[in-house]
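Start counting the sequence shown at 25; every next residue gets the next number (full-length UniProt numbering). Ideal Cβ positions, reconstructed from N, Cα and C, are used throughout, including at glycine.
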Amino acid sequence: CGIFGVNGVSTAANFVALGLHALQHRGQEAGGIVVHDPEHGFNSARRFGYVRDNFTSQAVMDTLPGPIAIGHVRYSTAGSKGATAIRDVQPFFGEFAMGGAAIAHNGNITNAEELRRELIERGSIFQSSSDSECIIHLMARSLQKNIPERMKDALRRVEGAFSVVAMTRTKLIGVRDALGVRPLVLGRIGDGYALASETCALDIIGAEFVREIEPGEMVVISSTGEVTSHRPFEQKPSRFCIFEHVYFSRPDSILGGRSVYETRENIGRELAKEAPVEADLVCPVPDSGTPAAIGFSLQSGIPYAMGIIRNQYMGRTFIEPSEQVRNLGVRLKLNVNRALIRGKRVILVDDSVVRGTTSRKIKEMILDAGAAEVHFRIASPPTAWPCFYGVDTPQREKLLAATMSEEEMRTHLGVDSLKFISLDGLYRAVGEANGRDAKAPQYCDACFSGEYPVAPRDKLAQGFQL
Ligand code: 5GP
Ligand code: SF4
Ligand code: MG
25 CGIFGVNGVS TAANFVALGL HALQHRGQEA GGIVVHDPEH GFNSARRFGY
75 VRDNFTSQAV MDTLPGPIAI GHVRYSTAGS KGATAIRDVQ PFFGEFAMGG
125 AAIAHNGNIT NAEELRRELI ERGSIFQSSS DSECIIHLMA RSLQKNIPER
175 MKDALRRVEG AFSVVAMTRT KLIGVRDALG VRPLVLGRIG DGYALASETC
225 ALDIIGAEFV REIEPGEMVV ISSTGEVTSH RPFEQKPSRF CIFEHVYFSR
275 PDSILGGRSV YETRENIGRE LAKEAPVEAD LVCPVPDSGT PAAIGFSLQS
325 GIPYAMGIIR NQYMGRTFIE PSEQVRNLGV RLKLNVNRAL IRGKRVILVD
375 DSVVRGTTSR KIKEMILDAG AAEVHFRIAS PPTAWPCFYG VDTPQREKLL
425 AATMSEEEMR THLGVDSLKF ISLDGLYRAV GEANGRDAKA PQYCDACFSG
475 EYPVAPRDKL AQGFQL
């Protein structure tokens with residue numbers, strides 16, 4: 025998901041709409057904005073579909089007045105099986121002592137079901153099935169005398185990997201979990217401040233990037249532009265999601281002081297070193313494989329070409345929740361550039377293989393177009409474990425790499441060769457010269473390694489086996 029918040033500007037909702045539009049790649053199912061204004065109190069609009077279709081009309085934006093606002097773009101993971109209900113679209117807001125608060129989050133609270141059961145037993149009335157609503161109820165029950173302190177109380181009870189933007193009537197709050205698994209950045213706009221999942225959302229509103237919110241940090245931003253920093257969690261070494269570098273973030277964002285684009289190009293270079301192959305062309309599976317394909321081409325000297333053309337009017341296929349839509353999706357979205365491919369030995373570079381649906385379909389299309397050989401190079405290690413921290417990987421059984429060896433995957437996909445970047449190679453590409461520290465990994469890489477930095481407590485209770 026993508027989150028955004030702004031305080032201390034006029035018509036805050038307009039900035040949030042723009043910020044969410046820049047974060048649309050992080051979630052396309054639904055979006056929502058909550059605002060507050062002294063005259064009208066809290067107001068919200070929550071809709072299915074794209075930001076540009078919901079938050080551009082004057083009629084809608086006029087219902088969202090005020091100098092403070094937060095917003096969310098949704099991509100369903102935890103809780104919702106299949107289609108999302110509108111009641112699960114964030115941000116949530118609730119009125120309680122001291123005026124109440126609104127909240128939106130990216131990631132996953134791993135003990136949400138346990139907390140929810142406990143809160144319901146104690147009388148909380150839930151409106152949604154979303155895990156972030158727990159935070160609102162925990163805040164409402166806290167005995168602290170101001171909302172930031174209530175937020176700290178609430179955060180001490182939740183486990184997981186998440187970033188939060190929240191707002192009171194006058195204060196904007198940003199939080200990253202203790203390990204900093206999900207991203208959150210601070211920007212300055214005029215006399216006000218913005219919080220965003222990625223820097224590309226600061227760029228779109230002309231805000232200046234100030235810094236990343238630190239792992240385990242909570243910032244409180246007043247309407248007059250004071251920023252205070254708090255530490256609600258026990259200090260731990262950070263474990264940022266390495267897959268943000270590979271796929272999730274936009275290539276024009278800056279993560280941990282590094283350009284995501286450059287990191288992806290490095291991944292391609294590493295891949296070319298680790299798994300060279302003789303061929304005529306390097307083609308990306310667009311758009312997610314593009315920077316890595318460029319890196320592969322630069323390193324290997326094999327010409328880069330757009331052998332697959334993407335229809336720009338489709339969303340990310342993977343994000344469509346149903347299998348049927350996803351199957352069809354590949355063809356709706358990608359087409360082979362036949363004239364270029366015929367008779368060629370082609371290296372295809374993609375960011376990841378999850379179920380293998382995309383790769384299989386693409387291989388068929390490429391062979392149909394008369395390619396002489398097809399070699400897959402993948403910019404991440406085999407995805408063998410589900411993510412429980414906000415990225416929608418399917419159940420373990422559905423992950424190709426969970427049940428097959430590399431050679432079995434190669435046969436299954438029907439390609440001439442298949443190679444994944446090594447975990448160490450990926451760490452080198454993101455700037456860890458000595459690779460992965462096996463004793464204390466610098467990143468979360470659970471979907472590749474099976475080492476979960478936060479116990480997926482609810483999942484374990486449901487019988488998930490580590
Ligand atoms: P598959 O077709 O193998 O199930 O999925 C792989 C494709 O899904 C890749 O092209 C990748 O770009 C895309 N993708 C979209 N969202 C995600 C995600 O959340 N995780 C992973 N691993 N891949 C994703
Ligand atoms: Fe990122 Fe994978 Fe960790 Fe999920 S499991 S947070 S996708 S590295
Ligand atoms: Mg892709």
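Item checked: Cβ neighbour criterion (16 or more within 10 Å) applied to D375 -> buried
Next item on the list: With a threshold of 16 other CB atoms inside 10 Å of the CB of P405, please say whether the residue is buried or exposed.
Entry: buried
Notebook entry, point to check: Taking the C-alpha atoms as reference points, what is the distance between Q82 and P91?
Noted result: 17 Å
Next item on the list: Sort S312, I237, A426, E241 by Cα distance to residue 491 and report the nearest one.
Entry: Residue 491 lies beyond the residue range present for the chain, which begins at 25 and ends at 490; the question has no answer from this structure.
Notebook entry, point to check: Under a Cβ-count criterion, where at least 16 other Cβ atoms within 10 Å of its own Cβ denotes burial, should H399 be classed as buried or exposed?
Noted result: buried
Check: How about N359 and A329: do their beta carbons lie closer than 9 Å?
Finding: no
Note to self: Given a cut-off of 9 Å on the beta-carbon distance, is the pair V377 and G292 in contact?
What the structure shows: no
Note to self: Pop quiz: Q114 and G204 are said to be a contact at Cβ under 8 Å. What is the actual Cβ separation, rounded to whole angstroms?
What the structure shows: Rounded, the Cβ-Cβ distance is 21 Å, inconsistent with contact.
Check: Cβ-heavy atom distance between S383 and the ligand 5GP below 8 Å?
Finding: yes
Notebook entry, point to check: Does the separation of the CB atoms of S187 and A178 fall below 9 Å?
Noted result: no
Notebook entry, point to check: Going by alpha carbons, who is nearest to E397 out of I371, G184, R263?
Noted result: I371
Notebook entry, point to check: To which residues does DSSP link R70 through a beta bridge?
Noted result: G56
Item checked: L42, buried or exposed, once every other Cβ within 10 Å from all chains shown has been counted against 16 -> buried
Next item on the list: With a 10 Å radius around its C-beta and 16 neighbouring C-beta atoms as the bar for buried, classify F39 as buried or exposed.
Entry: buried
Next item on the list: For K443, write down the residues that DSSP places opposite it in a beta bridge.
Entry: R401
Note to self: Check whether the segment 72 to 80 and the segment 377 to 395 are in contact - that is, three or more C-beta pairs closer than 8 Å.
What the structure shows: no
Note to self: Between T80 and the ligand 5GP, is there a pair consisting of the residue's CB and a ligand heavy atom that are separated by less than 8 Å?
What the structure shows: no
Check: Would DSSP call S104 helix, strand or coil?
Finding: The predicted position of S104 is uncertain, since its pLDDT is 49 and thus under 50; no value can be drawn from it.
Checklist line | Nearest-angstrom Cα separation, counted from C265 out to A457 | finding: 18 Å
Next item on the list: Check whether the Cβ atoms of P172 and R200 sit closer than 9 Å, and answer yes or no.
Entry: no
Notebook entry, point to check: Taking the alpha carbon of V84 as the point to measure from, which residue in S68, R98, G95 has its own alpha carbon closest?
Noted result: S68
Checklist line | Rounded separation between A462 and T192 - CA only | finding: 42 Å
Margin query: Runs of 4 residues minimum, wholly inside the segment 260 to 303: which ones carry the alpha helix (DSSP H) assignment?
Written below: 284 to 298
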